[in-house]
Amino acid sequence: MENPYQAPESETLIDGVSPLVPKPSQVTVFGILHLLVATVGFGGIIFNKLGSNNPRTSILQSFQQDKEAPAKFTPEALEALDKALSLNLYFEIFSAILATMLLTSGLAMLLNARWGVRLSNKYSLLSIIAKIASIILIIAIAFPAYQTFCDGISGSNETIVKTLCLVYKFGGVAGAFIMMIYPITAWILLTRQKVKDFQQTL
13 MENPYQAPES ETLIDGVSPL VPKPSQVTVF GILHLLVATV GFGGIIFNKL GSNNPRTSIL
73 QSFQQDKEAP AKFTPEALEA LDKALSLNLY FEIFSAILAT MLLTSGLAML LNARWGVRLS
133 NKYSLLSIIA KIASIILIIA IAFPAYQTFC DGISGSNETI VKTLCLVYKF GGVAGAFIMM
193 IYPITAWILL TRQKVKDFQQ TL
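Using the working numbering, read the sequence shown as starting at 13 and increasing by one per residue.
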């Protein structure tokens, strides 16, 4: 017979987590999403490296709409294009770092490691900072470089040139803003109090 005056024993931990603080759903969801996004990130880097056409060749070919009157590029235009594309190395390095942090934190959160959410939050902050830095670099370096490149194109349809130049100039900025949505969302949802309470039980 149980002693009614005896203090109740603490409940048994399940998978290292107290049943009094259930694992928030966003921890599991973002653990899975982190793995998927990291896979896409690494895949994009590998695809760009192994692709048959490098970015420079692809851009130059995009202006060759009329085979009978191919576009011509001045030496200054080609030099400016190389300057704009020089930012790609910076973007690839940060993409690899962020993808590694995502992969590691995603696995940690799924395995209920205490540092998993902390690493995820560090990823979110670094990712946001990297996106802001990317936007600044694109505006300061790529914008004028692409303008010089476009000014040095002749022989191609003027409408096509203007359209493609707008895409190349603003595509990077738009992409950075769009990609900033994920780390901001992860930061907001993974810094909630119930997530912090859950982390204290690990």
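Note that the Cβ used here is the ideal one computed from N, Cα and C, for glycine as well.
Closest residue to residue i among the options (Cα-Cα distance)
i    : options                : result
T68  : L62, Q77, S98          : According to the sequence shown, residue 68 is Arg rather than Thr. For R68, the nearest C-alpha among the options comes from S98.
F106 : D209, T197, Q205, I144 : I144
Y102 : I150, T213, K206       : I150
S146 : E170, T171, I196, N100 : N100
S139 : I196, K84, T86         : I196
L214 : A120, F54, A89, V52    : A120
E88  : G187, F59, C162        : C162
F54  : L90, N66, M113, I71    : M113
L115 : S166, T51, A152, N60   : T51
T171 : N66, K61, V41, Q77     : Q77
F42  : A188, F85, M191, L122  : L122
DSSP state of residue i mapped onto helix, strand, coil
i    : result
T40  : helix
S166 : strand
M232 : What is shown of the chain runs 13 to 214, which leaves residue 232 out entirely.
G28  : With a pLDDT of 48 at G28, under the threshold of 50, the predicted position of this residue should be treated as unreliable, though the coordinate-derived value follows. In the structure shown, G28 sits in coil (DSSP, three-state: anything other than H, G, I, E or B).
L214 : coil
V49  : helix
P156 : helix
V179 : helix
T203 : coil
V173 : helix
V33  : coil
M13  : Reliability fails at M13, whose pLDDT of 47 lies under 50, so the model's placement of it is uncertain and no value is given.
Residues near residue i by beta carbon distance below 8 Å, same chain, minus five either side
i    : result
A142 : F106, L110
A157 : A92, L93, K95, A96
P36  : R204, K206, V207, F210
F155 : K181
G183 : none
Contacts around residue i, its chain only, beta-carbon distance under 7 Å, and the 5 residues preceding and following it disregarded
i    : result
S117 : H46, G128, L131, S132, Y135
E104 : I57
G28  : Summary for G28: the model assigns pLDDT 48, below 50, so the residue's position carries little reliability, and this model does not support an answer.
V173 : F75, C162, I165
Y194 : V49
M192 : I140, K143
CA-to-CA distance, residue j to residue i, given in whole angstroms
i    : j    : result
I44  : L178 : 36 Å
L176 : I148 : 21 Å
V185 : A125 : 35 Å
Q73  : P34  : 55 Å
Q212 : W199 : 18 Å
L90  : K61  : 21 Å
I190 : L137 : 16 Å
F85  : S70  : 14 Å
Chain D within 9 Å of residue i, Cβ atoms only
i   : result
F54 : The structure shown contains no chain D; it holds only a single protein chain.
Own chain residues within Cβ distance below 6 Å of residue i, not counting five before or after
i    : result
A19  : With a pLDDT of only 46 at A19, under 50, the local geometry of the prediction cannot be trusted, and the value read off the model is given with reservation. Contacts found: none.
Y180 : Y158
L48  : none
S168 : F75, A83
T160 : A92
L201 : Q38
A272 : With the chain covering only 13 through 214, there is no way to say anything about residue 272.
Within the region 55-141, ranges of the alpha helix (DSSP H) (whole runs, at least 4 residues):
Segments of the alpha helix (DSSP H) lying fully in the region 55-141: 67-74, 87-97, 99-122.
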